[in-house]
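Student: Under this note's numbering, the first residue of the sequence shown is numbered 807, with each subsequent residue one higher. C-beta: ideal position from N, C-alpha, C; glycine also. Remember, it's a predicted structure, so these values are computed and weren't measured experimentally. Have a look at this one.
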Amino acid sequence: MNANEVIKIVESQLTADEQQLLKDTINYGAWGDCDMEFRNESGDVETVSAWGYCTNEAKNAGHFSGRKVAVMFKSIYKKLCPDNHMGRFLSQCNDWWGDGSGDMLFIRSELSNSFEEWAKQ
Numbered sequence: 807m808n809a810n811e812v813i814k815i816v817e818s819q820l821t822a823d824e825q826q827l828l829k830d831t832i833n834y835g836a837w838g839d840c841d842m843e844f845r846n847e848s849g850d851v852e853t854v855s856a857w858g859y860c861t862n863e864a865k866n867a868g869h870f871s872g873r874k875v876a877v878m879f880k881s882i883y884k885k886l887c888p889d890n891h892m893g894r895f896l897s898q899c900n901d902w903w904g905d906g907s908g909d910m911l912f913i914r915s916e917l918s919n920s921f922e923e924w925a926k927q
């Protein structure tokens, strides 16, 4: 599946506000690369290269604030990372640093550039 098809799938599952919050996270929260677990086509867990985005930084875009952000992230995770915080294209980690300072969202490396272009729109 190519990146444009994946983005269409993601768009079809998220509300307009959730899409904007995901774009804000990508645009303002870029953190770096790592290995992360995702589900493959068969539903099995696989560890692959990913790009991480700090969700705390999404607020810097100025579109959303407060409790609304937490509620939207919960909805995004439920839709796109439904299996123990893992999805096929995105995965999520609560408390990445282990100190309560924030969550991280991960996109498979082979998709991250396309998602970053999409987020600029």
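(1) Classify residue 842 as helix, strand or coil using the three-state DSSP reduction.
(2) Which stretch, first to last residue, makes up the beta strand (DSSP E) that contains residue 856?
(3) What residue from 890, 844, 908 has the CA that sits closest to residue 864's CA?
(4) Closest by CA to residue 903, which one among 807, 869, 859, 885?
(5) With distances taken between CB atoms, is the gap from residue 920 to residue 833 smaller than 8 Å?
(6) Which partner residues does residue 913 have in the DSSP bridge list?
(7) Kindly indicate which three-state DSSP category residue 889 falls into: helix, strand or coil?
(8) Assuming residue 843 contacts residue 897 (C-beta within less than 8 Å), just tell me the rounded distance between them.
(9) Is residue 841 buried or exposed, if buried means 16 or more other CB atoms sit within 10 Å of its CB?
(10) Is residue 827 closer than 8 Å to residue 882 when the C-beta atoms are compared?
Tutor: Walking through what the data contain:
(1) On the sequence shown, residue 842 is found 36 positions in, with the first residue counted as 1. Here residue 842 carries a strand assignment [DSSP, helix/strand/coil].
(2) Within the sequence shown, the letter at position 50 stands for residue 856. It spans 851 to 860 - the beta strand (DSSP E) in which residue 856 sits, taken as one unbroken run.
(3) Counting from 1 along the sequence shown, the entry for residue 864 is found at position 58. Of 890, 844, 908, the residue nearest in Cα terms is 908.
(4) Against the sequence shown, residue 903 aligns to sequence position 97. When only C-alpha atoms are compared, the closest one is 859.
(5) Numbered from its first residue, the sequence shown carries residue 920 at position 114. Numbered from its first residue, the sequence shown carries residue 833 at position 27. No; because the gap between Cβ atoms is not below 8 Å, this pair is not in contact.
(6) Mapped onto the sequence shown, residue 913 falls at position 107. Answer is 857, 896, bridged to residue 913.
(7) Counting from one through the sequence shown, the residue named residue 889 turns up at place 83. Reduced to three states, the DSSP call for residue 889 is strand.
(8) On the sequence shown, residue 843 is found 37 positions in, with the first residue counted as 1. On the sequence shown, residue 897 is found 91 positions in, with the first residue counted as 1. Going by Cβ atoms, the distance from residue 843 to residue 897 rounds to 6 Å, so yes, they are a contact pair.
(9) Here the question's residue 841 lines up with position 35 in the sequence shown. Residue 841 should be labelled exposed.
(10) On the sequence shown, residue 882 is found 76 positions in, with the first residue counted as 1. On the sequence shown, residue 827 is found 21 positions in, with the first residue counted as 1. In contact: residue 882 and residue 827 (Cβ atoms closer than 8 Å).
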